[in-house]
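First up is the structure itself, then whatever we jot down about it.
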Amino acid sequence: MEILKNTQEGTITLAPIGCLDTSAATEFDAALTSAIEESKTIKLDFSNLEFISSSALRSIVSARKKLAANGNSLTLKSLSPLVREVFEMTGLINIFTIEE
1485 MEILKNTQEG TITLAPIGCL DTSAATEFDA ALTSAIEESK TIKLDFSNLE FISSSALRSI
1545 VSARKKLAAN GNSLTLKSLS PLVREVFEMT GLINIFTIEE
């Protein structure tokens, strides 16, 4: 898995590519933690994500809580069909702002 990072106008966008499985979740969590320390606005672009594990979901929910506690935001962007299905099945689709 590769994670692309883009910073634009104070917003950090992280775009994982490939499979965000349990072994990649640690790297993703570290990238997400670093982004939270750098910016108040985080976007996760899932357009090139083929799989997402429960470990990665846990990291995303945790990041959302950390950001929201300080009045900051986490937005999900361009969910691939498979990733959207996972968010729908877990009910997490209802707690995130999602951009198409």
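Using our numbering, you'd call the opening residue of the sequence shown number 1485 and step up by one each time. All C-beta atoms in this analysis are idealised placements derived from N, C-alpha and C, irrespective of residue type, glycine included.
In the DSSP annotation of this structure, L1563 is not part of any alpha helix (DSSP H), being labelled neither H nor E.
One alpha carbon belongs to M1573, the other to L1566, and they sit about 11 Å apart. In this structure, S1531 lies near S1562, with their beta-carbon atoms less than 9 Å apart. Cβ neighbours of M1485 within its own chain (closer than 8 Å, five residues either side excluded): P1500, I1501, G1502, C1503, L1504, D1505, A1508, E1511 and F1512. In the DSSP assignment, L1551 falls within the alpha helix (DSSP H) that extends over S1538 to A1553.
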